[in-house]
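What follows is a single structure, written as structure tokens, with notes after it.
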Amino acid sequence: MKNYLLPFLFFCSTLVAQNTTYKDTTSYKTNEKYDQFFPKPLRGKIKTMHTVGCRIEYQEDTPVAVYHLFHKNKIDPYTYTYHFDKRGNDIAFYTYDALGNLMDWEIKTFNKADSLTYRKISYVIDSIRHSAERFNLYNDKNLLVERKDIDRYGSKVSLYFYNEEDNIIKEEDYYKGKLFYTALYTYDAKGKLLEKKEKEKNPKKHSTTIYEYDTLGNLIRITEKEKGEKSYILTNRIYENNTLIKEYDDHSYVLYTYKEGKLIETESYYTGIGIDYIIDRKVITKYNEKGQIIKKLEYQGNILEQETNYFYDENGKEIKGILYKGGKEKSRWENKYSPKGYLIEKAWKREKGNPKTLYYYDAIGNCIKIEEYYKGKLTNIYERIFTYYE
172 MKNYLLPFLF FCSTLVAQNT TYKDTTSYKT NEKYDQFFPK PLRGKIKTMH
222 TVGCRIEYQE DTPVAVYHLF HKNKIDPYTY TYHFDKRGND IAFYTYDALG
272 NLMDWEIKTF NKADSLTYRK ISYVIDSIRH SAERFNLYND KNLLVERKDI
322 DRYGSKVSLY FYNEEDNIIK EEDYYKGKLF YTALYTYDAK GKLLEKKEKE
372 KNPKKHSTTI YEYDTLGNLI RITEKEKGEK SYILTNRIYE NNTLIKEYDD
422 HSYVLYTYKE GKLIETESYY TGIGIDYIID RKVITKYNEK GQIIKKLEYQ
472 GNILEQETNY FYDENGKEIK GILYKGGKEK SRWENKYSPK GYLIEKAWKR
522 EKGNPKTLYY YDAIGNCIKI EEYYKGKLTN IYERIFTYYE
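Here is the structure:
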């Protein structure tokens, strides 16, 4: 397959990927809306990660790469670059349009405990570039004591106070030098939060949140009350043998079922009013002994709308899924893996166009290329170039 993206990758940023067998894995924090197509986790000591994608159109039978300004015609940029420090903190993030012009960006600094100390973002609204900054100050225990946010509207300062047990007891927010929000926290002798009192000046609002526990210290109820209003229960929890079996409020609940101490099923329910319909939705999810989902049943009222079954190999890799609607098979997908256990193909059957996705990896195991096919023709390509710390 011809490499359509390589010239654009180097146009945006000249990066050189090392061919190394370094296997150390760091927990990298990235934005899921940008990285949702790429397999996890990221591996090795990554320094930079540059990603670009294009749509493939056809002039008769000739494929042509088309770069457009926004990712899949949405607001997400199609091209972006992450920079990480040696501990895996994301210290910079840059996005580009299809011409390689810098769009939104973000830079960060962290202290030795990997807590954020400074962040600056730059973004464009109606062709005008704006920026916002955040400064975080910590005490010698690495507890946040002051946060300052500055943007085009002004500055906001938040102050945080703690007791000897390092529990937060007070929070004050100032906007343009004037106090507009206060929160006071109360704890019991064991350090469990009992009460949170909040005051806002504009609009004027006083509220109290109460936290209740059982004799074993499990949180069983959260109640909120605004001045002059009735109390409102935010959350109720029921435990059995010190194990959570139910959470509920006025509109929803979640039931937990266990076998030999392992979660085997959850049942969640929500009722409400949509724009022109009543929401009466229930989802039952079943798990295997490894905690993996094996079945999901989705109901509207008493009608089973959708059923999804998941299948795994002896190594716990998902190898197949089948989707049923109205009691009939709607579609299925099958996954293939490399000898090292990396996902290399995801193919959908009995679905319009029979979509298929292929994945390619570097020597470390990071995905460097994704190809998407529809009706047997290549439709999208995403590629990445990595650099690594030595």
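Letter by letter, the sequence shown follows residues 172 to 561 of the working numbering.
Quick reminder that beta carbons are idealized off the backbone N, C-alpha and C, glycines included.
Check your understanding: What are the partner residues of A360, as DSSP defines its beta bridges?
Key -> A360 is not bridged to any residue.
Practice item. Pull up the CB-CB distance for G215 and Y559, whole angstroms please, since I reckon it's below 8 Å. Key: 5 Å
Practice item. For the beta strand (DSSP E) holding E489, just list the boundary residues, first then last. Key: E489 to K496
Point to revise | Delimiting residues of the alpha helix (DSSP H) encompassing K204 | key: E203 to D206
Exercise for review: Check N244 in the structure and name its three-state DSSP category.
Suggested key: Legend: pLDDT at N244 = 44, less than 50; position of this residue unreliable, value from coordinates given subsequently. N244: helix per DSSP, three-state reduction.
Review point. Which residue from N551, L415 and G512 puts its Cα closest to that of K211?
Key: G512
**Study point:** Member of E522, H377 and E343 whose CA lies at the smallest distance from the CA of K546
**Key:** E522
Practice item. Run the CB neighbour count on K433, radius 10 Å, all protein chains shown included, and call it buried at 16 or more, exposed below. Key: exposed
Check your understanding: Can you list, in chain order, the residues of its chain whose CB lies under 7 Å from that of T437, leaving out five sequence neighbours each side?
Key -> V425, L426, Y427 and T456
Review point. Q463 bridges to which residues according to DSSP?
Key: DSSP lists no partner for Q463.
Exercise for review: Use the C-beta contact count for L350: other C-beta atoms within 10 angstroms, 16 or more gives buried, fewer gives exposed.
Suggested key: exposed
Point to revise | Of the residues K461, S286, I464 and S423, the one placed nearest I444, counting alpha carbons only | key: S423
Review point. Taking L287 as the reference, which of L315, Q477, H301 and T266 has the closest Cα?
Key: L315
Review point. Where does K211 fall in DSSP's three states?
Key: coil
Point to revise | Assigned secondary structure, T386 (DSSP; H/G/I helix, E/B strand, else coil) | key: coil
Review point. Looking at C-alpha atoms only, which residue of N459, I435, K312 and Y419 is the closest neighbour of Y441?
Key: Y419
Exercise for review: Go ahead and pull the three-state DSSP assignment for I539.
Suggested key: strand
Review point. Would you say the segment 531-541 touches the segment 226-234, given that touching needs at least three Cβ pairs under 8 Å?
Key: no
**Study point:** Where the beta strand (DSSP E) through K347 begins and ends
**Key:** Run containing K347: none; DSSP gives neither H nor E here.
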